[in-house]
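Novice: Everything in the sequence shown is counted per the working numbering, starting at 242 for the first residue and increasing by one.
All residues carry an ideal CB built from backbone N, CA and C; glycine is no exception.
As the structure is a prediction and not an experimental result, all values here were calculated from the model.
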Amino acid sequence: MKNSNIEKTKILQEFWQAPLEALFDQKTIAAVRCCSNSLLERERWAGDGIPYIKVKHKCLYRKADVVNWINQHQVKISTSQCEVSHV
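1) Between the Cα of H298 and the Cα atoms of Q267, Q313 and W257, which residue gives the shortest distance?
2) Taking the CB atoms as reference points, tell me whether V273 and I294 lie closer together than 9 Å.
3) Buried or exposed: I311, going by 16 or more other Cβ atoms within 10 Å of its Cβ?
4) Under the assumption that A305 contacts E262 (Cβ atoms under 8 Å), give the Cβ distance between them as a whole number of angstroms.
5) Which residues mark the beginning and the end of the beta strand (DSSP E) in which K295 is found?
6) DSSP state of K299, grouped into three classes?
7) Under 9 Å between the Cβ atoms of T269 and Y302?
8) Where do the N-terminal and C-terminal ends of the alpha helix (DSSP H) with E248 fall, by residue?
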């Protein structure tokens, strides 16, 4: 396993084992979401994405907000996963 894969595995373990109120930096959240740092930056600039806290010049993300965002943005893989509204 490459060093970068080992590092990413450690980052992910740290994230998922942390309490919901824990704060994480952009690098960790990019690893959790499997996206680039620049995507997180673009989402913040556009007012989209995961809520964050700005401390001095650093953007931090609360684990609870990240988990909530992930759950709300799951891709439906079949129509049986979609909610049916009865009008």
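Specialist: On the basis of the supplied data:
1) Counting from 1 along the sequence shown, the entry for residue 298 is found at position 57. Checking every option, the nearest Cα to that of H298 belongs to Q267.
2) Numbered from 1 along the sequence shown, position 32 holds the residue referred to as residue 273. Numbered from 1 along the sequence shown, position 53 holds the residue referred to as residue 294. No.
3) In the sequence shown, residue 311 corresponds to position 70, counting from 1. So I311 counts as exposed.
4) Locating residue 305 in the sequence shown gives position 64, counting from the first residue. Locating residue 262 in the sequence shown gives position 21, counting from the first residue. A305 to E262, Cβ: 7 Å. Contact.
5) Against the sequence shown, residue 295 aligns to sequence position 54. Start and end: I294 to V296.
6) In the sequence shown, the residue the question calls residue 299 occupies position 58. Note: K299 maps to strand in three-state DSSP.
7) Position 28 of the sequence shown, counted from the start, is the residue given in the question as residue 269. Position 61 of the sequence shown, counted from the start, is the residue given in the question as residue 302. Cβ distance < 9 Å, so T269 and Y302 count as in contact.
8) For the purposes of this step, residue 248 is identified with residue 7 of the sequence shown, where counting begins at 1. Start and end: N244 to Q258.
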